[in-house]
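*Asks:* Sequential numbering from 1 applies to the sequence shown in the working numbering. Idealized CB from N, CA, C, for every residue including glycine.
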Amino acid sequence: MRAYLLWVLVACSTCWAGSSLDPVVKGPEGQRAFDELATYYANNKSETGLNRALADLKGADAAKRKAAGAYLHALLKQLFADESNGRAPWKSTPFFGGRPICDAREYRKAVAKAVGEQAGGAESLAAIEWLLFEEKDAPNQAAGMQALERLEGPAAAELFKKLLAQPHPNAKVAEKVVSLAGQRKMKELAPEISKLCGHYRTSVREAARGAAPDAGVAKPPAYAAEAAFTPWLEGQLEQIRKCVAYEIPSIASFMKFTPKGENARSFGAFVVLEEQRGSYHVIDWWGRSQKLSHDQVKAEPWSLAAAAKELTELRANAKQPRDVVEKLSREGGMTGQFEPNFVALPEALVGAWAFEKGEKAAAAALLFPRLDAMADDRWLAWVARDLLGHPYFQKMLYHFSHERDYGAALKLALHLSQPIFDEYTYQDEAQKLAGELAKRGEDFKTFKLPTPAEWKTLQLKLDRPARIAYLAERLKLLNCIQLSQPGDVNYADKQFAEPYAQGGKTEVINPFNELRAMNLQPQDLAALAPFVKDDAYIPSFGYWRDFHHKRTIHRVNYVVAAVLNEAAKKDLAKLGEWSGLDEAAKQKHIDGILAWCEANKGKTREQLPDELPKRPQGGMRIDAP
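(1) Assess, as a yes-or-no matter, whether the segment 454-471 is touched by the segment 509-529 under the definition of 3 or more beta carbon pairs within less than 8 angstroms.
(2) Which residues does DSSP pair with CYS628 in a beta bridge?
(3) From GLN427, PRO231, GLN239, ARG205, pick the residue whose C-alpha is nearest to that of TYR223; which is it?
(4) How would you call ARG105, buried or exposed, if buried means at least 16 neighbouring beta carbons within 10 angstroms?
(5) Rounded to the nearest angstrom, what separates PHE355 and PHE254 at their Cα positions?
(6) By DSSP, does GLY216 sit in helix, in strand, or in coil?
(7) Take THR258 and list the residues in its own chain whose beta-carbon comes closer than 7 angstroms to its own, dropping the five residues that flank it on each side.
(8) Report the start-end ranges of each alpha helix (DSSP H) in the segment 328-371 that is 4 residues or longer and not cut off at the edges.
(9) Going by alpha carbons, who is nearest to PRO213 out of LEU345, GLN239, ARG184?
(10) Drop a sphere of 10 angstroms on the beta-carbon of PRO167, count the other beta-carbons inside from all chains shown, and report buried for 16 or more, exposed for fewer.
(11) Are the CB atoms of VAL383 and VAL343 within a distance shorter than 8 angstroms?
(12) Would you mind stating whether ASP103 and ALA114 have Cβ atoms separated by less than 8 angstroms?
(13) So, is the C-beta of PRO139 closer than 8 angstroms to a C-beta in chain B?
(14) Which term fits ALA155, buried or exposed, when burial requires 16 or more other beta carbons within 10 angstroms of its beta carbon?
(15) What separation, rounded to the nearest whole angstrom, lies between the Cα atoms of ASN85 and LEU21?
(16) Assuming GLN320 is part of the alpha helix (DSSP H), what are its boundary residues?
(17) Assign PRO169 to one of two classes, buried (16 or more other C-beta atoms within 10 Å of its C-beta) or exposed (fewer than that).
(18) Please name the residue in TYR406, LEU608, GLU117 whose C-alpha comes closest to that of ASN140.
(19) What is the rounded straight-line gap between the Cα of ALA225 and the Cα of PRO231?
(20) Note the first and the last residue of the continuous beta strand (DSSP E) segment covering LEU273.
(21) Pull up the CB-CB distance for ALA181 and ALA215, whole angstroms please, since I reckon it's below 8 angstroms.
(22) In whole angstroms, what is the alpha-carbon distance linking GLN239 and TRP455?
(23) Assuming GLY542 is part of the alpha helix (DSSP H), what are its boundary residues?
(24) Give the secondary structure of LEU292 by DSSP, where H, G and I count as helix, E and B as strand, and everything else as coil.
(25) What are the partner residues of ALA299, as DSSP defines its beta bridges?
(26) Rounded to whole angstroms, what's the CA-CA distance from TYR491 to PRO321? Just pull it up for me.
(27) Contact check, PRO465 vs TRP544 under 8 angstroms by CB: the rounded distance?
(28) Between which two residues does the beta strand (DSSP E) harbouring VAL24 extend?
(29) I need the straight-line Cα distance from ALA236 to ASP377, nearest angstrom please.
(30) Only counting runs of 4 or more residues, tell me where the alpha helix (DSSP H) segments fall wholly within the segment 527-601, in order along the chain.
(31) Report, in whole angstroms, the separation of the C-beta atoms of LEU388 and CYS197, which I expect to be a contact under 8 angstroms.
(32) Thinking VAL350 and LEU366 are a contact (beta carbons under 8 angstroms), I'd like their distance in whole angstroms, please.
(33) In the DSSP assignment, find the beta strand (DSSP E) that holds VAL282 and state where it starts and stops.
(34) Provide the residue span of the alpha helix (DSSP H) that contains GLN427, from first to last.
(35) From which residue to which residue does the alpha helix (DSSP H) around PHE400 run?
(36) Roughly how many whole angstroms lie between the Cα atoms of ALA3 and GLU310?
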């Protein structure tokens with residue numbers, strides 16, 4: 001559970017640092033945090049100003065206290081930003097399915113812990129508020145609450161009121177605020193405490209009832225589960241419903257389907273259309289749109305309330321939470337091993353749908369125990385977002401690559417680009433692809449790869465630089481399919497005029513192979529160098545295992561780098577320095593490659609020293625990220 005959430009809290013970065021980044025907090029303390037962290041990432045044994053700031057907060061010098069508070073706030077914000085802006089390195093772990101770790105995230109834990117244990121005084125309020133309202137990691141939020149416990153006065157009281165008006169999604173934070181309000185006899189918070197006596201979270205509700213007498217609540221209201229949904233929680237359920245990529249008509253009936261065969265798993269689905277030819281078009285409780293043949297499934301009427309009851313009983317009767325996840329995951333235990341134990345996607349969707357249809361008691365019975373099992377209420381919507389996003393992202397890539405159906409790919413890319421998918425791990429890729437597909441309608445139509453015969457005739461009309469440019473321009477059509485796992489795509493694959501899903505029949509040239517066959521010399525590479533700028537996606541993607549969500553969409557400059565570096569016998573493209581550069585820096589990068597070409601134009605390829613790692617035996621080196 002813990003490992004999963006650390007993965008989904010912040011989208012992973014490409015880990016390439018750029019020169020155009022600025023401190024996220026303006027001013028001297030923001031700049032200091034920015035500079036010190038750059039040194040820390042280069043050598044994580046280096047000291048930052050953390051300990052000095054914590055000491056200054058306790059001192060008599062008001063100016064130093066103010067600067068220390070500003071520094072701690074800037075340090076936390078910068079660490080959070082550095083997880084995804086490329087400044088902090090991500091490191092792989094040697095474990096099966098292990099999540100990468102990031103120096104910024106790990107150090108932010110240490111900073112949060114130190115603030116929680118040592119920070120005090122009004123000057124630390126900005127850092128405390130950031131931990132409580134901006135931080136995504138539950139233990140760090142709790143550290144903010146630990147620091148708040150030591151604060152008193154009007155500012156602290158105002159923050160208490162803010163934390164209770166919309167109860168903090170972190171259960172431990174909400175419980176502690178309620179308990180302290182009672183202990184401090186903050187009777188001005190009696191209305192908020194009274195309302196929380198009917199909260200959907202058991203621990204928050206019990207804390208409110210315990211604090212009620214001291215907070216001036218004479219008679220706590222009775223608890224009614226169906227009335228415990230707050231406007232905020234209703235909004236979360238609406239977000240979950242909107243994450244489904246396909247429209248469900250209001251008149252669609254909900255049914256139970258059981259595939260015929262051994263060990264078949266029943267599932268719930270809305271029937272969008274029942275075709276006369278003997279099939280159901282359904283949207284199932286994994287958010288998938290699929291057709292089910294009448295002779296392949298048993299179908300029976302069901303209700304969302306009955307589905308919610310069955311899911312609740314399944315969870316109650318399971319020996320281990322993992323058993324439920326593996327039973328309810330899309331591909332059983334294969335995909336379930338990478339999902340959290342505390343909620344499964346069918347539980348989240350059925351609960352959200354049941355609430356929408358007015359089955360509030362059933363939705364409460366299903367969802368409230370799941371929320372009790374979470375450290376942070378927001379995890380419900382975040383998990384549903386990711387577990388819906390992953391198959392949509394994969395389907396988008398299948399449309400783009402295997403089918404070359406740009407229209408279908410664009411629909412899913414636009415869906416994943418919506419605000420409801422903000423902070424989804426692959427939203428940046430979806431948004432980039434959506435922007436490209438809108439402009440690439442002629443791919444494989446008027447803009448296409450020639451057949452070998454056509455290329456034989458055409459290249460006679462082109463001089464060598466023009467031939468290189470022609471091939472480089474068409475690298476964006478390179479359509480390579482990963483055929484084994486683990487593995488990746490092979491840029492040398494045969495290319496066909498027809499999509500892979502239709503079966504390749506008409507062979508066309510592979511521009512990557514043609515460029516390599518030209519035996520490019522140093523003087524030739526000047527014609528290829530400008531294409532390092534081309535970061536357009538090619539209809540090719542790789543993955544570790546098909547049951548894991550990780551996918552890498554390849555880009556034109558990945559392929560250009562492979563050709564360029566092989567010909568130069570060194571890492572001439574240096575793609576590791578590319579991402580994050582502004583336009584001026586990118587042109588400077590290209591100018592550096594061109595300068596190398598000019599300096600070596602009198603040499604043959606054989607005269608160049610080989611500065612690249614040796615190729616794996618029997619394999620071809622592809623020097624791309």
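*Replies:* Reading off the structure:
(1) Enough Cβ pairs lie closer than 8 angstroms, so yes.
(2) What is shown of the chain runs 1 to 625, which leaves residue 628 out entirely.
(3) Ranked by Cα distance from TYR223, the first of GLN427, PRO231, GLN239, ARG205 is ARG205.
(4) Buried.
(5) If you take the alpha carbons of PHE355 and PHE254, they lie about 14 angstroms apart.
(6) Look at GLY216 here: in three-state DSSP terms it is coil, with no helix or strand label.
(7) Within the same chain, ALA264, SER266, VAL297, LYS298 come within 7 angstroms of THR258 by CB-CB distance, once the 5 residues on both sides are set aside.
(8) Unbroken alpha helix (DSSP H) stretches of 4 residues or longer found wholly inside the segment 328-371: 333-336, 345-356, given in chain order.
(9) Nearest C-alpha to PRO213: ARG184.
(10) Looking at its Cβ environment, which holds 16 or more other Cβ atoms inside 10 Å, PRO167 is buried.
(11) Yes, the pair counts as a contact, with Cβ atoms nearer than the cut-off.
(12) No, they are not a contact pair.
(13) Although the question refers to chain B, the structure presented lacks it and comprises just one protein chain.
(14) By the 10 Å Cβ count, ALA155 comes out exposed.
(15) Rounded to whole angstroms, ASN85 to LEU21 spans 8 angstroms at the Cα level.
(16) Careful: GLN320 lies outside any alpha helix (DSSP H) and carries neither H nor E.
(17) Flag for PRO169 reads buried.
(18) Nearest Cα to ASN140 within the set TYR406, LEU608, GLU117: GLU117.
(19) Between the alpha carbons of ALA225 and PRO231 lies a gap of roughly 14 angstroms.
(20) First-last of the beta strand (DSSP E) with LEU273: 267-275.
(21) Their Cβ separation, rounded to whole angstroms, is 6 angstroms, which keeps ALA181 and ALA215 in contact under 8 angstroms.
(22) CA-to-CA, the gap between GLN239 and TRP455 works out to about 52 angstroms.
(23) First-last for GLY542: 537-543, but that is the beta strand (DSSP E), not the alpha helix (DSSP H).
(24) For LEU292, the three-state secondary structure derived from DSSP is strand.
(25) Answer is PHE257.
(26) Between TYR491 and PRO321, the C-alpha separation is close to 43 angstroms.
(27) The pair is not a contact, with the Cβ atoms about 39 angstroms apart (cut-off 8 angstroms).
(28) Annotation: VAL24 is outside any beta strand (DSSP E) and is labelled neither H nor E by DSSP.
(29) The sequence as given places Gln at residue 236; Ala does not occur at that position. Straight-line Cα distance between these residues: approximately 9 angstroms.
(30) Within the segment 527-601, the complete alpha helix (DSSP H) runs of at least 4 residues fall at 556-568, 583-599.
(31) Contact flag wrong, Cβ pair sits at about 34 angstroms.
(32) Confirmed, about 7 angstroms.
(33) Counted as a single uninterrupted DSSP element, the beta strand (DSSP E) harbouring VAL282 occupies residues 279-284.
(34) Where GLN427 is concerned, the enclosing alpha helix (DSSP H) stretches over 427-437.
(35) Segment: none, PHE400 is in no alpha helix (DSSP H) and carries neither H nor E.
(36) The predicted model places ALA3 with a pLDDT of 39, which falls under 50 and marks its position as unreliable, so this point remains unresolved.
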